[in-house]
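Only one structure is covered here, and it is reproduced in the block below.
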Amino acid sequence: MSNALFADSPAKGLVCRNCNATYDLVAQHACWQCFGPLEVDYDPEELAKVTRERIEAGPQNIWRYAPLLPVGVHPEDRVSLNPGLTPLIDAKHLAKALGMRKLWVKDDSANPTHSFKDRVVSTAVSAAVKLGFDRFACASTGNLANSVAAHAARAGVPSIVFIPSDLEPGKIVQSAIYGGTLVAVQGSYDDVNRLCSELTETDEFESTAFVNVNIRPYYAEGSKTLGYEVAEQLGWRLPEQVVVPMASGELLTKIHKAFEETAEIGLTETGKVRMFGAQSAGCSPIADAFDAGTDVITPVKPTGIAKSLNIGDPAAGPYAIEACRSTGGGMAKVSDDEIRDSVKLLAATTGVFAETAGGVVVATLRKLLESGRLDPEAETVIYNTGEGLKTLDAVSSLVGPTHTVKPSLKAAKEAGLLQS
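Residue numbers (full-length UniProt numbering): 1 to 420.
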């Protein structure tokens with residue numbers, strides 16, 4: 001019955017990442033046999049039918065990749081702000097500053113609610129409607145709440161989003177402005193996520209789709225479009241190495257999956273993309289495990305300014321570690337001061353004002369280059385996942401007017417503005 005709802009989709013079911021147990025396309029995120037995470041399983045014959053020409057004939061947003069996603073083949077099935085096809089910027093001045101040959105910035109702050117979360121929410125809520133849910137919800141560090149509330153407003157569906165109470169003011173305001181229910185929880189993101197997991201088991205929330213809890217397998221697939229787009233924007237070829245911010249670790253694993261899929265079905269030539277993960281030193285459980293040579297994640301209490309990455313118990317951490325190790329990549333963590341400095345460097349060399357997560361990526365790129373772990377001669381893509389206007393507090397004390405003058409030529413001259 002549930003699979004019939006997805007009859008025109010290339011998805012054939014859900015599969016456990018750990019034990020390979022299979023399930024129908026239902027609202028379920030954990031395996032009943034081993035409690036491992038579930039992900040969408042596809043029919044390889046259907047994926048093999050997807051061509052560059054079919055994709056390029058599609059809409060100018062993520063739904064051009066609908067033949068590679070669990071939902072959205074038919075436009076009427078999409079619940080979406082139509083995110084995607086965000087700029088891939090030739091960062092030649094940043095590359096020169098860092099001593100690199102070729103560097104690109106994939107700038108997902110250009111999405112409708114100014115973060116990559118619009119991609120995952122579009123796929124999640126499209127699946128939620130098919131599965132019969134009539135309210136959208138999430139546990140969020142900010143950007144996801146913004147996107148869920150906006151999608152619900154566009155669709156005319158009620159929303160209830162849960163956030164830590166100490167989030168950046170910009171993200172709180174953006175979540176609230178769409179008119180849904182906004183619940184600020186006095187605790188960390190991990191506390192928020194635990195509460196939401198408990199709520200999904202109650203009768204009152206039976207018809208509520210928590211995009212990153214009970215319908216998480218569909219949600220996670222939206223991140224793959226960040227890999228597909230980079231391949232397409234590079235002329236259907238893969239970069240040699242990428243640097244991706246890590247919170248749960250899922251974004252990195254799905255971008256890696258997308259690169260592998262494009263090669264497997266012939267959209268790109270076969271090649272291995274070296275995956276590098278970036279974390280803040282205030283919350284670095286995945287990078288710490290990687291450095292320790294293990295895939296066992298030790299939960300931490302998050303601190304630091306990169307709040308959108310502050311997940312102390314990251315569910316996909318072991319899979320992110322495996323992706324980096326298997327491709328010959330790596331990970332690093334960076335301090336708040338390095339993050340701030342890198343937000344400024346990115347803005348000054350590319351015109352991209354990133355939120356703190358983008359600063360984490362650029363700072364990690366610099367650290368990996370300095371340590372010799374990342375090849376300066378290899379073509380590299382780094383991901384900026386959010387807009388700097390959401391995290392103004394992080395850098396507001398570091399920048400401001402370079403001159404303050406009276407409105408006269410004399411004052412301008414005295415300030416040195418008329419000197420050649």
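A virtual CB, placed ideally from N, CA and C, is assigned to each residue, including glycine. Note that this is a predicted model, so its numbers are computed, not measured.
Of all alpha-carbon atoms in A281, N212, G416, the one lying nearest the alpha-carbon of V161 is that of N212. In this structure, DSSP gives K117 a helical state, which the three-state scheme calls helix. In this structure, the beta-carbon distance from A149 to S165 does not fall below 8 Å. Check the Cα spacing between A145 and each of S115, C324, G187, T123: the tightest is with S115. From the listed residues L85, T123, A153, R340, the smallest Cα separation to L398 is found for R340.
C-alpha of V334 to C-alpha of F6: approximately 43 Å in a straight line. If the five residues before and after A278 are omitted, its C-beta is found closer than 7 Å to the C-beta atoms of V243, V244, P245, M246, A332, V360, V361, T364, all from its own chain and listed in chain order.
I172 is the residue among I177, Y178, I172 whose C-alpha sits nearest the C-alpha of V185. Per DSSP, reduced to three states, the secondary structure at S159 is strand.
Rounded to the nearest angstrom, the gap between the Cα atoms of N193 and N18 is 22 Å. A110 and E387 have their C-alpha atoms some 8 Å from each other. Segment contact: the segment 205 to 221 against the segment 72 to 91, fewer than three CB-CB distances shorter than 8 Å; contact not assigned.
Judged by DSSP secondary structure, C19 falls outside any alpha helix (DSSP H); it is assigned neither H nor E. Distance from L38 to L14 at the Cβ level is roughly 4 Å; contact confirmed, criterion being Cβ atoms closer than 8 Å.
Taking a C-beta distance under 8 Å as the contact criterion, A137 and T208 qualify as a contact pair. The beta carbon of E250 sits closer than 7 Å to the beta carbons of A220, S223, A316 from its chain, once the five residues preceding and following it are set aside; these are given in chain order. Looking only at A127, Y23, P285, the smallest Cα-Cα distance to S248 is reached by P285. D107 is not a Cβ neighbour of P83, given a cutoff of 8 Å.
L94: member of the alpha helix (DSSP H) spanning 92 to 98, first to last residue. In the structure shown, N212 falls within a coil segment according to DSSP collapsed to helix, strand and coil.
Runs of the alpha helix (DSSP H) lying entirely within the segment 23 to 54 and spanning at least 4 residues, in chain order: 44 to 47. Where N384 is concerned, the enclosing beta strand (DSSP E) starts and stops at 380 to 384. Sequence-distant Cβ neighbours of Q33 in its own chain, meaning closer than 8 Å and more than five residues away, are C16, C19, A21.
Secondary-structure assignment with DSSP links G277 through a beta bridge to V244, M331.
Short of 7 Å from the beta carbon of R154, and not among the five residues preceding or following it, lie these beta carbons of its own chain, in chain order: L81.
In the DSSP assignment, the residues bridged to R135 are T208. The beta carbon of P112 lies closer than 6 Å to those of L81, P83, D118 in the same chain, with the five residues before and after it left out. Taken atom to atom, the span from the alpha-carbon of K257 to that of P299 is near 25 Å. The residues A11, P70, P217, E221, in chain order, have a CB closer than 6 Å to that of V40 in the same chain once the five nearest residues on each side in sequence are set aside.
For L252, the CB contacts under 7 Å within the same chain, skipping 5 residues up- and downstream, are V244, M246, M275, G277, A320, A323 in chain order. Under the 10 Å beta carbon count, F290 is surrounded by 16 or more other beta carbons and is classified as buried. With at least 16 other beta carbons inside 10 angstroms of its own, P67 counts as buried.
P314 and I265 have their alpha carbons spaced roughly 30 Å apart.
Inter-residue distance for S9 and K367 is about 42 Å (C-alpha atoms, whole angstroms). In the structure shown, L345 falls within a helical segment according to DSSP collapsed to helix, strand and coil. I311 carries a coil assignment under DSSP once its states are collapsed to helix, strand and coil.
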